[in-house]
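Q:
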Amino acid sequence: MIMMMMVVVMMMMMMMLMVVVVMMMMRRRKRKRRRRRRSRRRRRIMMIMTMMIYLYNASKYFVCIHHETYESNGPKQLAV
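Counting in the working numbering, the sequence shown runs from 20 upward without gaps.
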């Protein structure tokens, strides 16, 4: 249960980071409209891709830890 809570917290943090990044991008776009559209688009896509990969790896890692603890300790100690 504790590990699941950690996963939920991590997901929430990542979502908040994504929102902040999107907000920053929107603010920048309003200030400078005519400069380098392509590079900005590429940069934004790269950011999103890296965030997605990071999320995927983190979720995999936490799931593996959760599974190992569950098998080694048993459900009684995990529930505490």
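Each residue gets a CB set at the ideal place from its N, CA and C atoms; glycine is no exception. None of the values given here were measured: they were computed from a predicted structure.
Residue 33 and residue 74 - do their beta-carbons sit closer together than 7 Å?
A: Yes, the Cβ-Cβ distance between residue 74 and residue 33 is below 7 Å.
Q: Have a look at residue 47 and residue 60 and give me their C-alpha separation to the nearest angstrom.
A: Between residue 47 and residue 60, the C-alpha separation is close to 12 Å.
Q: To which residues of the same chain is residue 69 closer than 7 Å at the C-beta, ignoring the five residues directly before and after it?
A: Nothing meets the Cβ criterion.
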